[in-house]
Amino acid sequence: MNPAIGVRVALIIFVVAILQVSAFSSVTIGGGGPDLLLVTLVSVALLRGAVTGAVTGFFAGLIVDVTTLGTLGLTSLLLTLVGYWAGRYGETTGQGRSHAPVLTTLAATVFVGFGGYAVQSMLGESISVRVVLAALPAALIWNAVLIYPVFGLVRRVVGTPDRIERAREVELLV
Amino acid sequence: MVGILVVLALVLITFSFRKPDSGPVASAESAAASALRPFTIAGERVAQPFRDVYGWADSLLTARSDAKRLKEETEALRQQVIQNQFAANENAKLKALLAFRDGPRFPDDYTGLAAAVIARPSGSFAQEIVVAAGSNDGVALDAPVVTADGFLGRVTRVYARSARVTLLSDEQLAVSALDVKSGAAGIVKHGRGSASTLIFDRVPKKVKVSVGDTIVTAGWRSSKLASLYPKGIPIGRVTSVGQADTDLWKQIQVEPFADFDRVDAVLVLVLEDGRR
Chain A
6 MNPAIGVRVA LIIFVVAILQ VSAFSSVTIG GGGPDLLLVT LVSVALLRGA
56 VTGAVTGFFA GLIVDVTTLG TLGLTSLLLT LVGYWAGRYG ETTGQGRSHA
106 PVLTTLAATV FVGFGGYAVQ SMLGESISVR VVLAALPAAL IWNAVLIYPV
156 FGLVRRVVGT PDRIERAREV ELLV
Chain B
25 MVGILVVLAL VLITFSFRKP DSGPVASAES AAASALRPFT IAGERVAQPF
75 RDVYGWADSL LTARSDAKRL KEETEALRQQ VIQNQFAANE NAKLKALLAF
125 RDGPRFPDDY TGLAAAVIAR PSGSFAQEIV VAAGSNDGVA LDAPVVTADG
175 FLGRVTRVYA RSARVTLLSD EQLAVSALDV KSGAAGIVKH GRGSASTLIF
225 DRVPKKVKVS VGDTIVTAGW RSSKLASLYP KGIPIGRVTS VGQADTDLWK
275 QIQVEPFADF DRVDAVLVLV LEDGRR
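The listed protein sequences correspond, in order, to chains A and B.
Taken in order, the first sequence gives residues 6 to 179; the numbers are from the numbering used here.
Taken in order, the second sequence gives residues 25 to 300; the numbers are from the numbering used here.
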C-alpha cells in the first residue's frame with residue numbers, strides 16, 4: 006500500500022476510535038447506539054482490501070481497549086476478523102456492488118455483538134444474551150444509516166486501489 | 025499476516041486476563057492509556073456541547089411531566105425534612121448515650137474526588153466508564169463512585185492517571201441496600217432487559233415495601249468484613265412491587281436516581297484517613 010494512503014488510514018482510524026470511546030458510545034437511542042469505528046473500519050476494508058482491513062482492525066481495537074482500560078486484545082481480535090472478512094468480500098463478490106457496504110456493516114454489527122458476547126463469556130464474565138439482543142436492533146439501524154455517508158467520506162480520503170479490469174472477451178488461438 | 029494478528033490478539037487477551045493489574049502487559053497498557061489520555065479528554069470536550077444539546081432536547085420532551093412530579097415531591101419532602109430534623113437530633117442524642125459504634129458513613133467519613141468521564145466502551149454489554157483520576161490522585165480499587173443524583177458504581181481497575189468504573193447497571197455489580205422507610209434490607213442489582221431499571225432482590229415477602237420508597241446503600245459491617253460502600257448513598261426509587269407464591273423473595277423494581285447513560289462527571293469516594 007502507498008505510504009501516504011497508510012498514513013491517512015491510520016489518522017482516520019485514530020481520530021474515529023477516540024471519538025467513538027469519548028463521544029459516540031454515550032449516544033443510545035432505543036437501547037443501542039452508533040458504532041462509528043466499526044462502520045469506518047468496514048469502509049476502509051471494502052475499499053483497501055483484506056490485509057489493510059485486518060491491520061486497521063487490529064490497531065483500532067487496540068486503541069479502544071487501551072482507552073477504555075478493557076481486556077487488552079479483545080476488541081482487536083474482533084475487529085481484525087471483521088476487517089479481514091470485509092476486505093475479502095470487497096475484493097471478491099462484493100466488488101463494485103452498491104449494496105456491499107450496508108450488507109457488510111449489518112453482518113459486522115451482528116458479528117461484533119455476538120462475538121463480543123462469546124469471548125466475554127469464555128473469559129468468565131456472566132453476561133446475559135438478552136442485553137446483546139436488546140441493543141442489536143438499534144445498533145443495526147444506526148450503523149445502516151451511517152454507512153453510506155461514512156463510506157463516501159472514507160473513499161474520498163483513502164481512494165480505491167487500482168484494480169486490473171476484468172477481461173470482457175477472450176480470443177482462442179488454435 | 026492475518027493469522028499473526030489473531031495470534032497476537034489472543035496472546036494479549038491471555039496476558040491481560042491473567043494479570044490485569046500487574047506485569048509487562050498491564051504496565052504497557054497503563055503507559056499507553058496515559059499517552060492517549062489527552063486525546064480522549066479532547067474528544068470528550070469536543071463532544072460535550074453536542075451532548076448538552078441532545079440532553080436539552082430530550083429533557084424538553086419530558087419537562088411537563090417532570091415539573092408535575094417534582095411539585096408533588098417538593099410538598100412531600102418539605103414535611104419530611106421537618107420530621108427528619110427532629111429524628112436526627114434525637115438519633116444523635118441516643119447514639120451518644122449508647123456510645124454507638126458505626127461503619128463509615130457518607131459524606132462524614134469520605135472525601136469526594138471529582139473526575140470527568142473520558143471514555144466509555146462501545147460494546148452493548150459493557151456498563152463501564154473511564155474517569156480521569158487514578159492512583160496518583162488517591163483513587164483506590166473498589167472505591168465507591170457517585171454522582172450528584174446518587175450511587176453510580178465501583179472502581180474496578182486503577183492506573184496512574186485513570187480508572188475504570190463498573191456501573192451498577194452492569195451484571196457483575198450488586199450492592200447491599202435498605203429501604204429508608206421500612207428498613208427492608210436486600211441487594212440492588214442489574215435488572216433484566218433494560219439497563220435503566222434495577223432490581224431490589226432478596227427482600228423477604230413479609231417485609232412491607234411500597235412504590236415510591238427510597239433505596240439507599242446499607243453499608244453493613246460484621247466482625248471482620250465490611251461493605252465496600254458507605255451507608256446512606258441514595259440509589260433509586262421503588263417503581264413496582266410484586267410477589268408470587270412460587271418465589272422466595274419480593275419482586276421489586278427500582279428506578280435509579282443516577283442516569284447511567286448520561287454521566288459526564290463523577291465523585292470517587294475516598295476514605296479520609298484510609299480507614300475501612
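In this text, a Cβ means the ideal position worked out from N, Cα and C, and glycines have one as well.
Listed by chain order, chain A residues near residue i by CB distance under 9 Å
i	result
Arg188(B)	Thr73, Leu74, Gly75
Tyr134(B)	Near Tyr134(B) there are no residues of chain A at all, since even the closest Cβ is about 23 Å away, more than 9 Å.
Arg75(B)	Ala28, Ser31, Val32
Glu53(B)	Asp70, Val71, Leu74, Leu77
Integer-rounded CB distance, given that residue j should sit under 8 Å from residue i
i	j	result
Val212(B)	Ser234(B)	The pair is not a contact, with the Cβ atoms about 16 Å apart (cut-off 8 Å).
Leu43(A)	Thr114(A)	7 Å
Val47(A)	Thr109(A)	5 Å
Ile142(B)	Thr64(B)	4 Å
Gly187(B)	Ala157(B)	It is Ala, not Gly, that sits at residue 187(B) in the sequence shown. Between Ala157(B) and Ala187(B) the Cβ distance is about 6 Å, and since that is below 8 Å, they are a contact.
Val14(A)	Thr80(A)	Incorrect: roughly 18 Å between the Cβ atoms, too far for contact.
Gly75(A)	Pro62(B)	So it is not a contact: roughly 19 Å between Cβ atoms.
Leu295(B)	Tyr134(B)	6 Å
Phe29(A)	Ala33(B)	No, Phe29(A) and Ala33(B) are not in contact; Cβ-Cβ is about 23 Å, not under 8 Å.
Residue i, enclosing alpha helix (DSSP H) - first and last residue
i	result
Tyr183(B)	From DSSP, Tyr183(B) is part of no alpha helix (DSSP H); its letter is neither H nor E.
Gly88(A)	79-96
Ile106(B)	47-122
Val49(A)	41-53
Leu291(B)	Leu291(B) -> not in any alpha helix (DSSP H); beta strand (DSSP E) instead, spanning 289-295.
Val35(B)	26-42
Beta-carbon proximity check, residue i vs residue j, cutoff 9 Å
i	j	result
Trp147(A)	Gly37(A)	yes
Val179(B)	Val26(B)	no
Lys255(B)	Thr238(B)	no
Ser193(B)	Pro280(B)	yes
Ala140(A)	Gly118(A)	yes
Ser27(A)	Gly67(B)	yes
Ile276(B)	Phe175(B)	no
Ala140(B)	Asp161(B)	no
Thr85(A)	Leu29(B)	yes
Val49(B)	Ser40(B)	yes
Asp203(B)	Val231(B)	yes
Element boundaries [beta strand (DSSP E), containing residue i]
i	result
Arg261(B)	258-266
Thr135(B)	134-143
Val155(B)	152-155
Pro106(A)	No beta strand (DSSP E) holds Pro106(A); the alpha helix (DSSP H) holding it covers 105-127.
Val32(A)	Counting along the chain, Val32(A) falls outside any beta strand (DSSP E), and DSSP gives it neither H nor E.
Pro168(B)	168-170
Where residue i falls: helix, strand or coil (DSSP)
i	result
Phe284(B)	coil
Val136(A)	helix
Ala15(A)	helix
Thr238(B)	strand
Arg300(B)	Per-residue confidence for Arg300(B) stands at a pLDDT of 48, beneath the threshold of 50, marking its modelled position as unreliable; the derived number appears in the next sentence. Coil at Arg300(B), not helix or strand.
Ala209(B)	strand
Lys229(B)	coil
Ala198(B)	strand
Thr190(B)	strand
Val56(A)	helix
Val179(B)	strand
Val175(A)	coil
Asp161(B)	helix
Asp3(A)	Coverage of chain A is limited to positions 6 through 179, which leaves residue 3(A) absent and any answer about it impossible.
Leu252(B)	coil
Arg160(A)	helix
Pro166(A)	coil
Leu222(B)	strand
Pro8(A)	helix
Gln25(A)	helix
Val20(A)	helix
Val278(B)	strand
Contacts of residue i in chain A (Cβ-Cβ under 7 Å)
i	result
Arg102(B)	By Cβ distance, chain A contributes nothing, its closest Cβ being about 35 Å from Arg102(B), past 7 Å.
Arg181(B)	Leu74
Thr64(B)	Ile23, Val26, Ser27, Thr72
Leu192(B)	Here the premise fails: no neighbours, minimum Cβ distance about 14 Å.
Under 8 Å from the C-beta of residue i: neighbouring residues of chain A
i	result
Glu68(B)	Ser27, Ala28
Gln196(B)	Glu130, Ser131
Pro145(B)	Val26, Ser30, Val69, Thr73, Gly75
Asp285(B)	Ser31, Thr33
Leu176(B)	Going along chain A, no residue has its Cβ under 8 Å from Leu176(B), so there is no contact; the nearest lies around 14 Å.
Chain B residues whose Cβ lies nearer than 8 Å to that of residue i
i	result
Ala59(A)	Met25, Val26, Leu29
Ser48(A)	In chain order: nothing, as chain B lies at least about 17 Å away.
Tyr94(A)	The contacting residues do not exist; Tyr94(A) stays about 14 Å from chain B at best.
Thr85(A)	Val26, Leu29, Val30, Ala33
Within chain B, the residues that residue i reaches when beta carbons sit closer than 7 Å
i	result
Leu63(A)	Here the sequence assigns Phe to residue 63(A), which means Leu is not the residue at that position. Those are Leu29, Ala33, listed as they occur along chain B.
Proximal residues of chain B, C-beta to C-beta of residue i below 9 Å
i	result
Val56(A)	Met25, Val26
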